[in-house]
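Student:
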Amino acid sequence: MSQSVLHLRAPALECVRIALIGLGSRGQKTLERYRYIDGVRFTALVDHSLEHLEEAQLILERSGRDRVALATQDSQLALASDEVDLVLICTDWYSHATLACAAMEQAKHVALEVPAALTLEDCWRLVHTAERTQRHCFLLENCCYDPFHLEMLARVEAGDFGELKHAEGAYIHNLQGQDPTELPRDHQLYHWMGERYPFAGGNAYPTHGLGPMAQLLGIYRGDRFTSLYACASNPALPLTQRHSSILLQTEQGRTALLQLDLHSPRPYSRLQSLVGTEGYMSKYPLPILQQRAWSQALMGEALLEELHARPRSPLASFVAEGDAKGVPNVMNYAMDARLIHCLREGLPLDISVYDAALWSAVIELSARSEQEQRPLSLPSFL
Numbered sequence: 001m002s003q004s005v006l007h008l009r010a011p012a013l014e015c016v017r018i019a020l021i022g023l024g025s026r027g028q029k030t031l032e033r034y035r036y037i038d039g040v041r042f043t044a045l046v047d048h049s050l051e052h053l054e055e056a057q058l059i060l061e062r063s064g065r066d067r068v069a070l071a072t073q074d075s076q077l078a079l080a081s082d083e084v085d086l087v088l089i090c091t092d093w094y095s096h097a098t099l100a101c102a103a104m105e106q107a108k109h110v111a112l113e114v115p116a117a118l119t120l121e122d123c124w125r126l127v128h129t130a131e132r133t134q135r136h137c138f139l140l141e142n143c144c145y146d147p148f149h150l151e152m153l154a155r156v157e158a159g160d161f162g163e164l165k166h167a168e169g170a171y172i173h174n175l176q177g178q179d180p181t182e183l184p185r186d187h188q189l190y191h192w193m194g195e196r197y198p199f200a201g202g203n204a205y206p207t208h209g210l211g212p213m214a215q216l217l218g219i220y221r222g223d224r225f226t227s228l229y230a231c232a233s234n235p236a237l238p239l240t241q242r243h244s245s246i247l248l249q250t251e252q253g254r255t256a257l258l259q260l261d262l263h264s265p266r267p268y269s270r271l272q273s274l275v276g277t278e279g280y281m282s283k284y285p286l287p288i289l290q291q292r293a294w295s296q297a298l299m300g301e302a303l304l305e306e307l308h309a310r311p312r313s314p315l316a317s318f319v320a321e322g323d324a325k326g327v328p329n330v331m332n333y334a335m336d337a338r339l340i341h342c343l344r345e346g347l348p349l350d351i352s353v354y355d356a357a358l359w360s361a362v363i364e365l366s367a368r369s370e371q372e373q374r375p376l377s378l379p380s381f382l
């Protein structure tokens, strides 16, 4: 009989042995990132390209790590290996869920790039496989480890915002060049949202905005999303040129706004705002924290300095470690280091398979809501 894996404590691993599948740009950057992570060893590399396999071996050598004996074009060899504890999946969107399920069936833990799946069917497949095999399925959503978000989360848990009312999140990133007639079609997002993409609308890249909001609102930790309504500006335009907006509601009556905009000249933003009866906090466009009892808000550099000088997040130590090591991206470091720490200590992970499934299910459900022009219910994967 299947059991919940929300608070799964797997046996602790002294050293986490990793198979990395997918050695394109994302996979090679992952290999570079892990040079800073203690307690890991890469034991398998997988890619269909022999050139990519050799490039990955050179990355290991240049950082003083050993070449990997099992470097193969056959993912099944890596998944079946007794020398692998964790499978990192950095392949194309369309193979994430299939590879993750295959890895868990071989008694391996999984960490996969976003999104976890594209369809509701695959979201459920991930959940059922994780429950049956009692293996972790972690979504590599680095925005959940943004130091600003971690401090927001600590203040939510301390009750600083009072009763929560509304959250906003987004991925607003102008990927268009200076010439508005030219689109960077070689950009990864444009590639994955191209002709193979299975839906004609909706939000194809929801997790950067949705993941942090779900954590702030306690989704699957006391509340849950019950419905969503999606719409888009200029729906006749290609998917990458629209502005997608989604309104979600929770069981406790809170609301959340999720946006995606890859085309307009707006400054980069993930919004990252939270409203409660006693406080408001937002990262973009200007960091700001306002408490009802304060006469003035704390904002800009003054707020960032305060958060850095007196962090309240229990994960602040991972941020400090990354800063001390001079890592290129402290969000990525905190995510990777925390994941490995939990696996080595036998602790539950911060992002469960239920989170991965829910955040990814918005892809299909938003497309259907937009097409049918009506709100849709969100399943409870837990």
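Counting along the sequence shown from 1, when you hit position 185 you're at 185 in my numbering, and nothing is skipped either side. Heads up, the beta-carbon is just placed ideally off N, CA and C, and yes, glycines get one too.
(1) Residues in the same chain with beta-carbon distance under 6 Å from residue 234, minus the five sequence neighbours each way, listed in chain order, please.
(2) Can you round the beta-carbon distance between residue 246 and residue 258 to whole angstroms, since I take them to be within the 8 Å contact cut?
(3) To the nearest angstrom, how far is it from the Cα of residue 322 to the Cα of residue 333?
(4) Whether or not the region 114 to 129 and the region 151 to 161 are in contact is what I'm after, with contact meaning three or more pairs of Cβ atoms, one per stretch, closer than 8 Å; do they touch?
(5) Run the proximity test for residue 117: is its beta-carbon closer than 8 Å to any non-hydrogen atom belonging to the ligand NAP?
(6) Quickly, what does DSSP pair residue 168 with across the bridge? List them, please.
(7) Between the Cα of residue 338 and the Cα atoms of 3, 38, 2 and 18, which residue gives the shortest distance?
(8) Of the residues 218, 14, 2 and 31, which one's Cα is nearest the Cα of residue 341?
(9) In or out: residue 11 buried (at least 16 other Cβ within 10 Å) or exposed?
(10) Count the other C-beta atoms from every protein chain shown that fall within 10 angstroms of the C-beta of residue 147, then say buried if there are 16 or more, exposed otherwise.
(11) Would you say residue 18 and residue 112 are within 9 Å of each other, going by their C-beta atoms?
(12) Excluding five sequence neighbours on each side, which residues of the same chain lie with their C-beta closer than 8 Å to the C-beta of residue 186?
(13) What is the DSSP secondary structure of residue 209, reduced to helix, strand or coil?
(14) Just to confirm before moving on: does the CB-CB distance between residue 281 and residue 155 stay below 9 Å?
(15) With 16 as the cutoff for other CB atoms within 10 Å, does residue 292 come out buried or exposed?
(16) How is the alpha helix (DSSP H) around residue 127 delimited, first residue to last?
(17) Can you tell me whether residue 336 is buried or exposed? The criterion is at least 16 other CB atoms within 10 Å of its CB, across all chains shown.
(18) Tell me, to the nearest whole angstrom, how far the beta carbon of residue 264 is from that of residue 285; I am working on the premise that it is less than 8 Å.
(19) Count the CB pairs spanning the region 63 to 72 and the region 86 to 100 that are closer than 8 Å, and state whether there are at least three.
(20) Where do the N-terminal and C-terminal ends of the beta strand (DSSP E) with residue 281 fall, by residue?
(21) My assumption, with CB atoms under 8 Å, is that residue 383 sits in contact with residue 134. Please give the rounded CB distance.
(22) If distances are taken between C-alpha atoms only, which option among 176, 203 and 343 comes closest to residue 169?
(23) To the nearest whole angstrom, what separates the beta carbons of residue 208 and residue 143, a pair I think is in contact under 8 Å?
(24) List the DSSP bridge partners of residue 68.
(25) Would you list, in sequence order, the uninterrupted alpha helix (DSSP H) runs of no fewer than 4 residues that lie entirely inside the region 23 to 103?
(26) Within the continuous alpha helix (DSSP H) that includes residue 17, where are the two ends?
(27) Once DSSP output is grouped into helix, strand and coil, what is the label at residue 223?
(28) Express the C-alpha separation of residue 84 and residue 108 in angstroms, rounding to a whole number.
(29) Using CA atoms only, rank isn't needed, just tell me which of 120, 327 and 145 is closest to residue 349.
(30) For residue 245, which three-state DSSP category applies?
(31) Please tell me whether residue 361 and residue 379 are closer than 9 Å, where the distance is taken between their beta carbons.
(32) By alpha-carbon positions, which one of 194, 217 and 230 ends up nearest to residue 206?
(33) Where DSSP assigns a beta bridge to residue 240, which residues make up the other side?
Tutor: In brief:
(1) 242
(2) 4 Å
(3) 6 Å
(4) no
(5) Absence of the ligand NAP from the depicted structure is noted, as is the absence of any ligand whatsoever, leaving it without description.
(6) 257 and 273
(7) 38
(8) The shortest Cα separation from residue 341 among 218, 14, 2 and 31 belongs to 14.
(9) exposed
(10) buried
(11) no
(12) In this prediction, residue 186 has a pLDDT of 49, which is less than 50 and means its spatial position is unreliable; nothing more can be read from the coordinates.
(13) Residue 209 falls in the helix class under three-state DSSP.
(14) Yes. Within cutoff.
(15) exposed
(16) 120 to 133
(17) buried
(18) Not confirmed; about 14 Å, so no contact.
(19) With a cut-off of 8 Å, the region 86 to 100 and the region 63 to 72 do not count as touching, because too few Cβ pairs lie within range.
(20) 279 to 282
(21) Nothing can be reported for residue 383, as the shown portion of the chain is limited to 1 through 382.
(22) For residue 169, the nearest C-alpha among the options comes from 203.
(23) 5 Å between Cβ atoms; contact.
(24) Residue 68 is not bridged to any residue.
(25) 25 to 33, 50 to 62 and 75 to 80
(26) It is not in any alpha helix (DSSP H) - residue 17 instead sits in the beta strand (DSSP E) that spans 16 to 21.
(27) strand
(28) Roughly 7 Å between the two C-alpha positions.
(29) 145
(30) strand
(31) Yes, the Cβ-Cβ distance between residue 361 and residue 379 is below 9 Å.
(32) 230
(33) For residue 240, which the question treats as bridged, DSSP gives no partner whatsoever.
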